[in-house]
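Undergrad: Number 2 in UniProt numbering belongs to position 2 of the sequence shown; there are no gaps in the numbering.
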Amino acid sequence: MTGVGKSLHNQSIADPRTFWANAAKMITWDKEPENILDETNKPFYQWFADGKMNTCYNAVDRHVAAGRGDRIAINYISPVTQNQYQITYNELLAQVSRLAGYMQSIGIEKGDRVVIYMPMIPETAFAMLACARIGAIHSVVFGGFAANELATRINDAKPKLMLSASCGIEPSGVVPYKPLLDDALKQATHKVDHCLILARHQYQADLTVPRDVDWQSALQDAPSVACVSLNATDPLYVLYTSGTTGKPKGVVRDNGGHAVALCWSMKNIYDIESDDVFWAASDVGWVVGHSYIVYGPLLVGSTTVMYEGKPIGTPDAAAFWQIIANNNVKSFFTAPTAIRAIKREDPEGKLIQDFDLSCLKQMFLAGERCDPDTLNWSQTMLGKPVIDHWWQTETGWPVASNLMGVEPIAIKPGSPARPVPGYQVEVLDAMGEQVAANESGNVVIKQPLPPGTLTTLWQNDDRYVDSYLSMYPGYYLTGDAGYIDEDGYLYIMSRIDDIINVAGHRLSTGRFEEVLCQHPAVAEAAVIGVQDKLKGQVPLGMVVLKNGVELTDEELHSQLLALVRQEIGPVASFRLVSAVPKLPKTRSGKILRATMRKIADNQEYTVPATIEDPQTLDIVRNTLTRMGYANALTKALGE
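Below you can see the structure in the form of structure tokens.
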């Protein structure tokens, strides 16, 4: 490392208290903290333990108080409803303070939980901020989640209030939310007192049950209320992420550390100031939506774009570029899977040329490992820096990234660059020893984690310790495998579970996917390890081809095998590969490799609640059966 980035990182590790005390000056405190890092209850570290503040005040009120109320806070764009409008900070304050007033009027107080089950509309942001305003703890569940999955989250969070909408709108049509919510509430053992339902004209919801209240009617006479002063360590939200046991893990985020970390990241990583427009093309149901659709951009007083649409099909593969050009977006954040979908539809990037993208300074990618081919294609077509960066639901903000607001460094395709200040990232072997440069191992972060990361799991400290802190005492286990090169660049190759052992050789599925994506016909790839009597495991690949490719199965097979042999070597034992029309993914774009592996090895599996298209698992099962795997015994639990 050289220069400003190295200096910042060194400061943050050598003297974290001073580093984060300086960063904390970016937000407004009711009581400025003096106890910057409290280590009295290890491993449960606390940041800004004696500070008092309010996240909603910092995201909304203070910008109005500073005379910036006419600034656009939210630019809502919905191609699925043919609707677009803007909301100023003044308007945002009015909506949020009144919704918070309604919540208080029905008895919602500091520490109470509120579950939000809504689509990608501004009212969802209002709901989150209104909870933050009065100290209620929100838990956003992705709109359209299955009723049983919503019920498990209701049982765990035990909310007093549900906030929902009559429906969501997908390219495929209307998705009624209220029947799903009603079903979930029937299944849940915890009984919810109140449901506030936003009517959308595309679907008329049934509000005959006494607990159901119409959103607009309820807010008509609701009082506007001020922000409640909270401890920096009070929980802001609980966000559920799927656990290996099947029981969701509720990641807990605090108020103070979260606000400080997001303000720091907006300026230093994403290069966003108060006059800029930032767009994270994600969903508020995911951590990206929490951090970088709602809280991050609003905390620094910038404009956030809220998009109810898809990268393709609403209406076409030019949607992203048109929005960037028309709305003066400076920094854009999306998932590699979205870019691969666009690349598949428009492999020559012809649609990009139709728009003036001079406003765009850089594009950020995260959410799924970014293969070098996708990054290189994006940079070539856009003529802009494309920044692969890496983080997790648990961390809440980037662990490794190019610092575009500080000192950009060379981009190495395949790497999310170097660790961000605050994170001491190491790679350890099974014995807990640090490995040499370029040697693979388990990626860990030395404690204490920086502000803004998870403080624990909701009402389950033991599971937090067991899941993340027990394997390597003093370190947080990321669950990812990778390596650090001689220049300090981090490479995340796969989940630890996705390392395959071929005749004693530990090989990363991510490396196989990287090689397969080098083939000019391949849009994206997934590789899993399948059981083999002789070698223990062998790699099996599935690839999605670009539109217009004319290759026979035999030609594609032989070319891909030759490519892997050339790049990885015969030790890879790579002989199993097939083209498929679509890969099974979560709604956030992660490929469901673990589920694919269970299907291949004839193990029972549960269809993940987050799956985007359940029919893709049938495609996988049929393809694997044709390849000699996944016999008829394989079944989904509950089918």
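Glycine included, C-beta positions come from ideal geometry on N, C-alpha and C.
Starting from residue 102, follow the alpha helix (DSSP H) in both directions and report where the run begins and ends.
TA: Residue 102 -> alpha helix (DSSP H) spans 89–105.
Undergrad: In angstroms with no decimal places, state the Cα-to-Cα distance between residue 15 and residue 99.
TA: Rounded to the nearest angstrom, the two C-alpha atoms are 41 angstroms apart.
Undergrad: When DSSP labels each residue in this structure, what does residue 332 get in the three-state scheme?
TA: Strand, per DSSP.
Undergrad: Touch check for the segment 576–583 and the segment 537–555: three-plus C-beta pairs under 8 angstroms?
TA: A contact exists between the segment 576–583 and the segment 537–555.
Undergrad: Going by the DSSP bridge assignment, what does residue 494 pair with across the sheet?
TA: Paired residue(s): 481.
Undergrad: Can the beta-carbon of residue 53 be found less than 8 angstroms from the beta-carbon of residue 27?
TA: For residue 53 and residue 27, yes; Cβs fall inside 8 angstroms.
Undergrad: Under 6 angstroms Cβ to Cβ from residue 639, same chain only, skipping five residues before and after it: list those, please.
TA: Interpretation of residue 639 is limited by its pLDDT of 33, a score under 50 that renders its predicted location unreliable; no figure is taken from the coordinates.
Undergrad: Quick check: residue 538 and residue 502, are their CB atoms within less than 8 angstroms of each other?
TA: Cβ atoms of residue 538 and residue 502: closer than 8 angstroms.
Undergrad: Give me whichever residues DSSP pairs with residue 578 in a beta bridge.
TA: Note: residue 578 sits in a beta bridge opposite 542.
Undergrad: Does the beta-carbon of residue 4 have 16 or more other beta-carbons within 10 angstroms, so that it is buried, or is it exposed?
TA: Flag for residue 4 reads exposed.
Undergrad: Kindly indicate which three-state DSSP category residue 178 falls into: helix, strand or coil?
TA: Reduced to three states, the DSSP call for residue 178 is helix.
Undergrad: Which runs of the alpha helix (DSSP H) fall wholly inside the segment 284–335 and span at least 4 residues, in chain order?
TA: DSSP runs (the alpha helix (DSSP H)) wholly in the segment 284–335: 296–299, 319–326.
Undergrad: If you measure between the beta carbons of residue 264 and residue 417, is that distance less than 8 angstroms?
TA: No, the Cβ-Cβ distance between residue 264 and residue 417 is not below 8 angstroms.
Undergrad: Quick check on the DSSP output: what are the complete alpha helix (DSSP H) runs of length 4 or more inside the segment 163–247, in order along the chain?
TA: Fully enclosed alpha helix (DSSP H) runs of 4 or longer: 178–187, 215–220.
Undergrad: Please report the distance separating the alpha-carbon of residue 360 from that of residue 405.
TA: Using only the alpha carbons, I get a separation of about 14 angstroms.
Undergrad: Relative to the C-alpha of residue 590, which candidate in 612, 438, 516 has its C-alpha closest?
TA: Comparing Cα positions, the closest option is 612.
Undergrad: If you run the structure through DSSP and keep just helix, strand and coil, what is residue 53?
TA: Three-state DSSP puts residue 53 in a strand.
Undergrad: In terms of DSSP beta bridges, what is residue 622 paired with?
TA: DSSP, once it has assigned bridges, lists no residue as partnering residue 622.
Undergrad: Is the Cβ-Cβ distance between residue 236 and residue 55 less than 8 angstroms?
TA: For residue 236 and residue 55, yes; Cβs fall inside 8 angstroms.
Undergrad: Based on the DSSP output, what are the partners of residue 516 in its beta bridges?
TA: None, per the DSSP bridge assignment.
Undergrad: Looking at the secondary structure, which residues open and close the beta strand (DSSP E) in which residue 446 lies?
TA: Unbroken beta strand (DSSP E) run through residue 446: 441–446.
Undergrad: For residue 534, does the count of other Cβ atoms within 10 angstroms reach 16, so buried, or fall short, so exposed?
TA: It counts as exposed.
Undergrad: Just to confirm before moving on: does the CB-CB distance between residue 479 and residue 396 stay below 8 angstroms?
TA: Taking 8 angstroms as the Cβ cut-off, residue 479 and residue 396 do not qualify as a contacting pair.
Undergrad: Which one of 208, 143, 545 has the shortest CA to CA distance from residue 174?
TA: For the residues 208, 143, 545, the minimum Cα distance to residue 174 belongs to 143.
Undergrad: At what residue ranges does the segment 352–408 contain a whole run of the beta strand (DSSP E), taking only runs of 3 or more?
TA: Runs of the beta strand (DSSP E) inside the segment 352–408: 362–365, 386–388.
Undergrad: State yes or no: is the C-beta of residue 120 within less than 8 angstroms of the C-beta of residue 307?
TA: In this structure, residue 307 lies closer than 8 angstroms to residue 120 by Cβ.
Undergrad: Contact between the segment 135–154 and the segment 68–88 is defined here as three or more beta-carbon pairs at a separation below 8 angstroms; is this criterion met?
TA: Because the criterion of three Cβ pairs below 8 angstroms is not met, the segment 135–154 and the segment 68–88 do not touch.
Undergrad: Give me the Cα-Cα distance between residue 699 and residue 269, rounded to the nearest whole angstrom.
TA: For the chain, the structure presents residues 1 to 639; residue 699 sits outside this window and is missing.
Undergrad: Would the beta-carbon of residue 444 fall within 8 angstroms of that of residue 464?
TA: Not a contact, by the Cβ cut-off of 8 angstroms.
Undergrad: If residue 60 and residue 129 are in contact, beta carbons under 8 angstroms, what's the gap, nearest whole angstrom?
TA: The Cβ separation is near 6 angstroms, so the contact holds.
Undergrad: Quick one: any contact between the segment 321–330 and the segment 365–378, if contact means 3 or more CB pairs under 8 angstroms?
TA: Contact fails: fewer than three Cβ-Cβ distances are below 8 angstroms.
Undergrad: For residue 121, report the span of its beta strand (DSSP E) as first-last.
TA: Unbroken run through residue 121: none, as it is neither H nor E.
Undergrad: Please state if the CB of residue 320 and the CB of residue 297 are separated by a distance shorter than 8 angstroms.
TA: Not in contact: residue 297 and residue 320 (Cβ atoms no closer than 8 angstroms).
Undergrad: Does the Cβ-Cβ distance between residue 481 and residue 441 come in under 8 angstroms?
TA: Contact: yes.
Undergrad: Please list, in chain order, all residues of the same chain as residue 310 whose beta carbon is under 7 angstroms from its beta carbon, the five residues on each side excluded.
TA: Same-chain partners within the cutoff: 171.
Undergrad: Within 10 Å of its beta-carbon, does residue 201 have 16 or more other beta-carbons around it, so buried, or fewer, so exposed?
TA: When all chains shown are included, residue 201 counts as exposed.
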